[in-house]
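Following my numbering, the numbering of the sequence shown begins with 2 at its first residue and continues without gaps. What follows is one structure encoded as C-alpha coordinates, with my remarks underneath.
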Amino acid sequence: MVDELAKAEAEITSWISRSRTIESVNRLPGDASARRYYRVQTRKPEVKTYVLMRTEPFVQEGMELPFIVVQKHLANAAVSVPSILDVDPAKGYILLEDLGDVTLLRYLQDVISADVERHLYERVIDSLVNLQVYASPKRNPAEIEAYKLCFDLEKLMWEVGFTVEHFYDGYLKRKIKEADRKTILEGFNEICTELALQPTVFTHRDFHSRNVMVTEPKKRLVMIDFQDARMGPQQYDLASLLKDSYYQLEESQVERLIDYYIARWEAETKERLDRGKFRYIFDLMSIQRNFKAIGSFASFLNKRGDPSYLKFIGNTFENIRRSFLKYPKYSHLREVLFHYYYF
(Lines of atoms letter the chains of each structure in order from A and count residues from 1; the text may use other names and numbers.)
(Lines give C-alpha, C1' and ligand atoms only; values in the text may rest on other atoms or scores of the structure.)
Protein backbone atom coordinates (compact mmCIF):
# COMPACT_ATOMS: atom_id res chain seq x y z
CA MET A 1 0.00 0.00 0.00
CA VAL A 2 2.86 2.40 0.87
CA ASP A 3 4.63 1.61 -2.43
CA GLU A 4 1.38 2.09 -4.33
CA LEU A 5 0.80 5.48 -2.68
CA ALA A 6 4.38 6.57 -3.36
CA LYS A 7 4.06 5.53 -7.00
CA ALA A 8 0.80 7.46 -7.40
CA GLU A 9 2.32 10.57 -5.84
CA ALA A 10 5.39 10.30 -8.09
CA GLU A 11 3.19 10.03 -11.20
CA ILE A 12 1.14 13.03 -10.12
CA THR A 13 4.29 15.04 -9.40
CA SER A 14 5.63 14.26 -12.87
CA TRP A 15 2.35 15.27 -14.51
CA ILE A 16 1.92 18.52 -12.58
CA SER A 17 5.58 19.45 -13.13
CA ARG A 18 4.91 20.02 -16.83
CA SER A 19 3.72 23.52 -15.98
CA ARG A 20 4.24 24.00 -12.25
CA THR A 21 6.95 23.46 -9.64
CA ILE A 22 5.72 21.03 -6.99
CA GLU A 23 6.14 21.61 -3.27
CA SER A 24 4.16 18.60 -2.03
CA VAL A 25 1.52 15.99 -2.92
CA ASN A 26 -0.68 14.52 -0.17
CA ARG A 27 -3.47 11.97 -0.36
CA LEU A 28 -6.83 13.21 0.95
CA PRO A 29 -9.57 11.13 2.59
CA GLY A 30 -11.89 9.71 -0.06
CA ASP A 31 -15.65 9.50 -0.37
CA ALA A 32 -17.83 6.45 -0.95
CA SER A 33 -16.60 6.08 -4.55
CA ALA A 34 -13.51 4.60 -6.18
CA ARG A 35 -12.11 8.05 -6.91
CA ARG A 36 -8.93 9.21 -5.17
CA TYR A 37 -8.08 12.78 -4.22
CA TYR A 38 -4.73 14.49 -3.66
CA ARG A 39 -3.85 17.99 -2.49
CA VAL A 40 -1.06 19.43 -4.60
CA GLN A 41 0.93 22.44 -3.38
CA THR A 42 3.06 24.38 -5.86
CA ARG A 43 5.69 27.07 -5.37
CA LYS A 44 6.03 28.20 -9.02
CA PRO A 45 4.65 29.99 -10.97
CA GLU A 46 2.87 30.82 -7.71
CA VAL A 47 2.40 29.39 -4.24
CA LYS A 48 -0.97 27.71 -4.50
CA THR A 49 -2.84 24.51 -3.71
CA TYR A 50 -5.00 22.40 -6.01
CA VAL A 51 -6.94 19.17 -5.69
CA LEU A 52 -6.29 16.40 -8.18
CA MET A 53 -9.07 13.86 -8.69
CA ARG A 54 -7.77 10.51 -9.89
CA THR A 55 -10.19 8.08 -11.48
CA GLU A 56 -10.05 5.34 -14.07
CA PRO A 57 -8.69 6.52 -17.45
CA PHE A 58 -11.50 7.94 -19.57
CA VAL A 59 -9.95 8.19 -23.03
CA GLN A 60 -13.09 6.87 -24.69
CA GLU A 61 -15.36 9.42 -23.00
CA GLY A 62 -12.78 12.21 -23.02
CA MET A 63 -14.41 15.55 -22.32
CA GLU A 64 -17.79 13.78 -22.33
CA LEU A 65 -17.05 12.24 -18.93
CA PRO A 66 -20.19 12.88 -16.82
CA PHE A 67 -18.27 14.83 -14.15
CA ILE A 68 -16.86 17.21 -16.77
CA VAL A 69 -20.12 17.58 -18.69
CA VAL A 70 -22.20 18.29 -15.58
CA GLN A 71 -19.55 20.67 -14.17
CA LYS A 72 -19.64 22.75 -17.36
CA HIS A 73 -23.43 22.66 -17.45
CA LEU A 74 -23.76 23.87 -13.86
CA ALA A 75 -21.04 26.50 -14.23
CA ASN A 76 -22.81 27.86 -17.33
CA ALA A 77 -25.99 28.09 -15.23
CA ALA A 78 -24.09 30.14 -12.60
CA VAL A 79 -24.26 27.32 -10.05
CA SER A 80 -21.24 27.33 -7.74
CA VAL A 81 -19.10 24.26 -8.53
CA PRO A 82 -15.32 23.67 -8.41
CA SER A 83 -13.39 24.99 -11.41
CA ILE A 84 -11.68 22.44 -13.66
CA LEU A 85 -8.13 23.59 -14.42
CA ASP A 86 -6.62 20.69 -16.36
CA VAL A 87 -7.63 17.24 -17.62
CA ASP A 88 -5.71 14.14 -18.75
CA PRO A 89 -8.14 11.41 -19.87
CA ALA A 90 -5.34 8.87 -20.46
CA LYS A 91 -4.22 9.08 -16.84
CA GLY A 92 -7.67 9.64 -15.36
CA TYR A 93 -6.60 13.00 -13.89
CA ILE A 94 -8.80 16.04 -13.32
CA LEU A 95 -7.14 19.05 -11.67
CA LEU A 96 -9.58 21.14 -9.63
CA GLU A 97 -9.52 24.30 -7.60
CA ASP A 98 -8.90 23.61 -3.90
CA LEU A 99 -12.06 24.25 -1.90
CA GLY A 100 -10.45 23.43 1.46
CA ASP A 101 -11.54 20.74 3.90
CA VAL A 102 -14.70 22.21 5.44
CA THR A 103 -17.89 20.50 4.34
CA LEU A 104 -21.28 21.83 5.36
CA LEU A 105 -21.43 18.94 7.83
CA ARG A 106 -18.18 19.96 9.47
CA TYR A 107 -19.17 23.62 9.50
CA LEU A 108 -22.45 22.77 11.22
CA GLN A 109 -20.54 21.32 14.18
CA ASP A 110 -19.66 24.88 15.26
CA VAL A 111 -23.12 26.37 14.76
CA ILE A 112 -24.22 27.95 18.03
CA SER A 113 -27.98 28.40 17.57
CA ALA A 114 -31.00 27.21 15.61
CA ASP A 115 -31.22 30.64 13.96
CA VAL A 116 -27.66 30.43 12.64
CA GLU A 117 -28.36 26.88 11.47
CA ARG A 118 -31.50 28.02 9.67
CA HIS A 119 -29.78 30.94 7.94
CA LEU A 120 -27.01 28.64 6.72
CA TYR A 121 -29.52 26.15 5.32
CA GLU A 122 -31.42 28.99 3.67
CA ARG A 123 -28.24 29.87 1.76
CA VAL A 124 -27.91 26.25 0.65
CA ILE A 125 -31.55 26.24 -0.45
CA ASP A 126 -30.90 29.41 -2.46
CA SER A 127 -28.21 27.48 -4.35
CA LEU A 128 -30.53 24.50 -4.81
CA VAL A 129 -33.32 26.62 -6.27
CA ASN A 130 -30.83 28.22 -8.67
CA LEU A 131 -29.72 24.75 -9.79
CA GLN A 132 -33.29 23.52 -10.26
CA VAL A 133 -34.42 26.59 -12.18
CA TYR A 134 -31.40 27.61 -14.24
CA ALA A 135 -29.85 24.18 -14.95
CA SER A 136 -33.13 22.57 -16.06
CA PRO A 137 -34.24 22.22 -19.71
CA LYS A 138 -36.85 24.98 -19.57
CA ARG A 139 -34.25 27.70 -18.88
CA ASN A 140 -31.11 25.95 -20.09
CA PRO A 141 -31.73 23.68 -23.08
CA ALA A 142 -28.70 21.49 -23.74
CA GLU A 143 -27.74 18.15 -25.25
CA ILE A 144 -26.56 16.43 -22.08
CA GLU A 145 -27.07 12.88 -20.90
CA ALA A 146 -28.45 14.01 -17.54
CA TYR A 147 -31.54 15.41 -19.30
CA LYS A 148 -32.21 11.96 -20.78
CA LEU A 149 -31.99 10.16 -17.43
CA CYS A 150 -34.87 10.30 -14.97
CA PHE A 151 -36.13 8.95 -11.67
CA ASP A 152 -38.92 7.03 -13.36
CA LEU A 153 -40.82 4.15 -11.77
CA GLU A 154 -38.32 1.57 -12.99
CA LYS A 155 -35.34 3.42 -11.49
CA LEU A 156 -37.05 4.17 -8.19
CA MET A 157 -38.15 0.56 -7.75
CA TRP A 158 -34.72 -0.72 -8.74
CA GLU A 159 -33.36 1.27 -5.80
CA VAL A 160 -35.93 -0.32 -3.48
CA GLY A 161 -34.85 -3.78 -4.62
CA PHE A 162 -31.22 -2.76 -4.15
CA THR A 163 -31.84 -2.06 -0.45
CA VAL A 164 -33.79 -5.26 0.09
CA GLU A 165 -30.90 -7.18 -1.46
CA HIS A 166 -27.99 -5.45 0.27
CA PHE A 167 -29.50 -4.49 3.63
CA TYR A 168 -32.14 -7.06 4.55
CA ASP A 169 -30.74 -10.06 2.67
CA GLY A 170 -27.02 -9.25 2.56
CA TYR A 171 -26.32 -7.36 5.80
CA LEU A 172 -29.03 -8.37 8.27
CA LYS A 173 -29.25 -11.82 6.67
CA ARG A 174 -32.93 -11.96 7.57
CA LYS A 175 -35.18 -14.34 5.69
CA ILE A 176 -38.11 -12.18 4.65
CA LYS A 177 -41.43 -14.00 4.46
CA GLU A 178 -42.94 -13.99 0.98
CA ALA A 179 -46.02 -12.13 2.23
CA ASP A 180 -43.81 -9.46 3.80
CA ARG A 181 -41.64 -9.17 0.70
CA LYS A 182 -44.84 -8.62 -1.28
CA THR A 183 -45.93 -5.93 1.20
CA ILE A 184 -42.59 -4.13 0.79
CA LEU A 185 -42.62 -4.20 -3.00
CA GLU A 186 -46.31 -3.34 -3.40
CA GLY A 187 -46.12 -0.57 -0.79
CA PHE A 188 -43.09 1.02 -2.38
CA ASN A 189 -44.59 0.57 -5.83
CA GLU A 190 -47.50 2.77 -4.71
CA ILE A 191 -45.07 5.37 -3.32
CA CYS A 192 -42.78 5.29 -6.35
CA THR A 193 -45.67 5.48 -8.81
CA GLU A 194 -46.75 8.73 -7.14
CA LEU A 195 -43.19 10.07 -7.27
CA ALA A 196 -42.72 9.13 -10.92
CA LEU A 197 -45.81 11.14 -11.88
CA GLN A 198 -44.37 14.42 -10.56
CA PRO A 199 -42.98 17.20 -12.78
CA THR A 200 -39.19 16.99 -13.01
CA VAL A 201 -36.26 19.36 -12.59
CA PHE A 202 -32.51 18.91 -12.82
CA THR A 203 -31.36 17.08 -9.68
CA HIS A 204 -27.91 16.84 -8.12
CA ARG A 205 -28.90 13.38 -6.87
CA ASP A 206 -26.63 13.30 -3.80
CA PHE A 207 -27.30 16.69 -2.25
CA HIS A 208 -26.46 16.43 1.44
CA SER A 209 -24.20 18.03 4.05
CA ARG A 210 -21.08 16.16 2.91
CA ASN A 211 -21.43 17.33 -0.67
CA VAL A 212 -21.49 21.07 -0.05
CA MET A 213 -18.17 22.76 0.72
CA VAL A 214 -17.84 25.96 2.76
CA THR A 215 -14.78 27.84 1.53
CA GLU A 216 -12.55 30.24 3.42
CA PRO A 217 -12.50 33.15 3.88
CA LYS A 218 -15.71 34.19 2.10
CA LYS A 219 -17.82 31.19 3.17
CA ARG A 220 -18.75 30.44 -0.44
CA LEU A 221 -21.02 27.38 -0.71
CA VAL A 222 -19.86 25.03 -3.47
CA MET A 223 -21.56 21.84 -4.69
CA ILE A 224 -19.44 18.74 -5.29
CA ASP A 225 -20.03 15.10 -6.33
CA PHE A 226 -22.63 16.03 -8.93
CA GLN A 227 -21.63 13.63 -11.71
CA ASP A 228 -24.70 11.38 -11.29
CA ALA A 229 -27.17 14.20 -11.94
CA ARG A 230 -30.46 13.39 -13.65
CA MET A 231 -34.02 14.63 -13.87
CA GLY A 232 -36.33 14.02 -10.92
CA PRO A 233 -39.02 15.52 -8.66
CA GLN A 234 -38.12 18.93 -7.24
CA GLN A 235 -38.48 17.44 -3.75
CA TYR A 236 -35.67 14.91 -4.40
CA ASP A 237 -32.67 17.09 -3.54
CA LEU A 238 -34.59 19.00 -0.88
CA ALA A 239 -35.43 15.73 0.91
CA SER A 240 -31.79 14.69 0.58
CA LEU A 241 -30.71 17.92 2.26
CA LEU A 242 -33.32 18.26 5.01
CA LYS A 243 -33.65 14.53 5.80
CA ASP A 244 -29.91 13.90 5.80
CA SER A 245 -28.38 10.65 7.07
CA TYR A 246 -25.40 12.57 8.46
CA TYR A 247 -27.05 15.54 10.19
CA GLN A 248 -30.39 15.58 11.98
CA LEU A 249 -32.49 18.73 11.86
CA GLU A 250 -35.35 19.26 14.30
CA GLU A 251 -38.73 18.68 12.65
CA SER A 252 -39.75 22.28 13.36
CA GLN A 253 -36.63 23.45 11.53
CA VAL A 254 -37.42 21.18 8.58
CA GLU A 255 -40.90 22.72 8.34
CA ARG A 256 -39.51 26.27 8.38
CA LEU A 257 -36.98 25.39 5.69
CA ILE A 258 -39.64 23.80 3.48
CA ASP A 259 -41.62 27.04 3.78
CA TYR A 260 -38.49 28.97 2.82
CA TYR A 261 -37.89 26.72 -0.19
CA ILE A 262 -41.46 27.16 -1.42
CA ALA A 263 -41.20 30.95 -1.09
CA ARG A 264 -37.89 31.00 -2.99
CA TRP A 265 -39.22 28.71 -5.73
CA GLU A 266 -42.35 30.81 -6.21
CA ALA A 267 -40.35 34.05 -6.28
CA GLU A 268 -37.89 32.67 -8.84
CA THR A 269 -40.40 30.96 -11.16
CA LYS A 270 -43.61 32.97 -10.57
CA GLU A 271 -45.33 29.58 -10.19
CA ARG A 272 -47.61 28.77 -7.25
CA LEU A 273 -47.11 25.49 -5.41
CA ASP A 274 -49.80 23.47 -3.63
CA ARG A 275 -48.26 23.43 -0.14
CA GLY A 276 -50.11 20.36 1.09
CA LYS A 277 -49.26 18.34 -2.02
CA PHE A 278 -45.65 19.56 -1.91
CA ARG A 279 -45.18 18.33 1.66
CA TYR A 280 -46.80 14.98 0.87
CA ILE A 281 -44.45 14.37 -2.05
CA PHE A 282 -41.54 15.61 0.07
CA ASP A 283 -42.33 12.96 2.69
CA LEU A 284 -42.70 10.17 0.12
CA MET A 285 -39.43 11.24 -1.50
CA SER A 286 -37.73 11.24 1.89
CA ILE A 287 -38.91 7.68 2.53
CA GLN A 288 -37.68 6.40 -0.83
CA ARG A 289 -34.42 8.39 -0.78
CA ASN A 290 -33.49 7.32 2.74
CA PHE A 291 -34.41 3.71 2.03
CA LYS A 292 -32.01 3.74 -0.92
CA ALA A 293 -29.28 5.30 1.28
CA ILE A 294 -29.56 2.38 3.71
CA GLY A 295 -28.97 -0.01 0.83
CA SER A 296 -25.91 1.98 -0.22
CA PHE A 297 -24.44 1.92 3.29
CA ALA A 298 -24.89 -1.85 3.50
CA SER A 299 -23.49 -2.38 0.01
CA PHE A 300 -20.23 -0.63 0.94
CA LEU A 301 -19.68 -3.39 3.50
CA ASN A 302 -20.94 -6.21 1.29
CA LYS A 303 -18.99 -5.19 -1.82
CA ARG A 304 -15.88 -3.44 -0.47
CA GLY A 305 -15.61 -4.55 3.12
CA ASP A 306 -16.11 -0.94 4.27
CA PRO A 307 -18.19 -0.77 7.50
CA SER A 308 -17.70 2.98 8.09
CA TYR A 309 -21.17 3.98 6.85
CA LEU A 310 -23.12 1.49 8.97
CA LYS A 311 -23.26 3.96 11.86
CA PHE A 312 -25.55 6.20 9.81
CA ILE A 313 -28.26 3.58 9.32
CA GLY A 314 -29.98 4.41 12.62
CA ASN A 315 -30.41 8.10 11.73
CA THR A 316 -31.62 7.13 8.28
CA PHE A 317 -34.24 4.75 9.62
CA GLU A 318 -35.39 7.49 11.99
CA ASN A 319 -35.93 9.78 9.00
CA ILE A 320 -38.09 7.08 7.42
CA ARG A 321 -40.02 6.43 10.65
CA ARG A 322 -40.89 10.10 11.16
CA SER A 323 -42.17 10.44 7.61
CA PHE A 324 -44.25 7.25 7.77
CA LEU A 325 -45.94 8.27 11.03
CA LYS A 326 -47.75 11.08 9.22
CA TYR A 327 -49.57 8.64 6.93
CA PRO A 328 -51.59 5.82 8.54
CA LYS A 329 -52.28 4.26 5.13
CA TYR A 330 -48.63 3.14 5.06
CA SER A 331 -48.67 1.71 8.60
CA HIS A 332 -48.46 -1.93 7.47
CA LEU A 333 -45.48 -1.21 5.21
CA ARG A 334 -43.78 0.63 8.08
CA GLU A 335 -44.42 -2.26 10.49
CA VAL A 336 -42.95 -4.81 8.08
CA LEU A 337 -39.83 -2.73 7.33
CA PHE A 338 -39.12 -2.09 10.98
CA HIS A 339 -39.96 -5.62 12.14
CA TYR A 340 -36.92 -6.96 10.32
CA TYR A 341 -34.70 -4.09 11.50
CA TYR A 342 -35.70 -3.99 15.18
CA PHE A 343 -35.73 -7.74 15.71
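Beta carbons: idealized from backbone N, C-alpha and C, even for Gly.
Could you spell out where the beta strand (DSSP E) holding residue i opens and where it closes?
i, result
"P234", "231–234"
"K49", "49–55"
"E98", "94–98"
"L345", "Residue numbering for the chain in the displayed model covers 2 to 344; residue 345 lies beyond these limits and cannot be assessed."
"V41", "37–45"
Considering only the alpha carbon of each residue, which of the options lies closest to residue i?
i, options, result
"F163", "N291, P308, L326", "N291"
"D284", "R305, G315, T270, E319", "E319"
"D99", "D87, P83, G93", "P83"
"D127", "E5, R276, L222", "L222"
"L96", "I145, F301, R21, V161", "R21"
"E77", "A136, V165, L326", "As written in the sequence, residue 77 is Asn, which differs from the Glu given in the question. Comparing Cα-Cα distances from N77 to each of A136, V165, L326, the minimum goes to A136."
"E160", "R175, I192, K139", "I192"
"S15", "L29, R36, F339, L53", "L53"
"Y38", "E146, K219, P218, D102", "D102"
"A294", "I282, F279, K312", "K312"
"F189", "K330, R280, P30", "K330"
"A9", "A143, R28, R19, V117", "R28"
Got a sec? Which residues, its chain only, sit under 7 Å from residue i by beta carbon, not counting five neighbours each side?
i, result
"V60", "P90, A91"
"H167", "G296, A299, S300, N303"
"S210", "T104, L105, L106, L109, D245, Y247, Y248"
"Y148", "P138, M232"
"M286", "L196, P234, Q236, Y237, A240"
"R265", "I126, D127, V130"
"M214", "L100, G101, V103, T104, V223, I225"
"R140", "V134"
"N212", "M224, I225, D226"
Less than 8 Å between the CB atoms is what I'm expecting for residue i and residue j, so what's the real figure, rounded?
i, j, result
"D226", "D245", "D226 to D245, Cβ: 14 Å. No contact."
"T194", "L150", "Between L150 and T194 the Cβ distance is about 19 Å, and since that is not below 8 Å, they are no contact."
"L86", "Q289", "37 Å between Cβ atoms; not a contact."
"V337", "D181", "5 Å"
"Q228", "R119", "The Cβ separation is near 30 Å, so there is no contact."
"R124", "F344", "Actually they do not touch by this definition, with Cβ atoms about 42 Å apart."
"H74", "A143", "6 Å"
"Y341", "Y169", "6 Å"
If you drop the 5 nearest sequence neighbours on each side, which residues of the same chain put their C-beta closer than 6 Å to that of residue i?
i, result
"Y51", "V41, L96, D99"
"Y328", "none"
"T56", "R36, G93"
"R335", "F325"
"G63", "P90"
"V26", "E10, I13, T14, Y39, V41"
"P308", "L302"
Return the chain-ordered list of same chain residues with a C-beta closer than 8 Å to the C-beta of residue i, the five sequence neighbours on each side being excluded.
i, result
"F152", "L196, A197, T201, T204, R231, M232, G233, P234, Y237"
"L145", "For clarity, residue 145 is Ile in the given sequence; the question names Leu instead. Answer for I145: V70, V71, H74, listed in chain order."
"L121", "L105, Y108, L109, V112"
Going by DSSP, what residue range makes up the alpha helix (DSSP H) through residue i?
i, result
"N291", "276–305"
"L129", "115–135"
"M158", "154–164"
For residue i, would you say it is in contact with chain B, using Cβ-to-Cβ distances shorter than 9 Å as the test?
i, result
"N291", "Here chain B cannot be found, since the structure has a single protein chain."
Mind the definition here: the stretch 125–145 touches the stretch 191–203 only if three or more C-beta pairs lie below 8 Å; say whether that holds.
yes
Quick check: the stretch 259–271 against the stretch 315–335, are there 3 or more CB pairs under 8 Å?
no
Three-pair Cβ contact test at 8 Å for the stretch 38–46 versus the stretch 64–82
no
Looking at C-beta atoms only, is the number of pairs between the stretch 180–198 and the stretch 310–317 that lie closer than 8 Å three or more?
no
Check whether the stretch 257–269 and the stretch 235–244 touch, using three or more Cβ-Cβ pairs below 8 Å as the test.
yes
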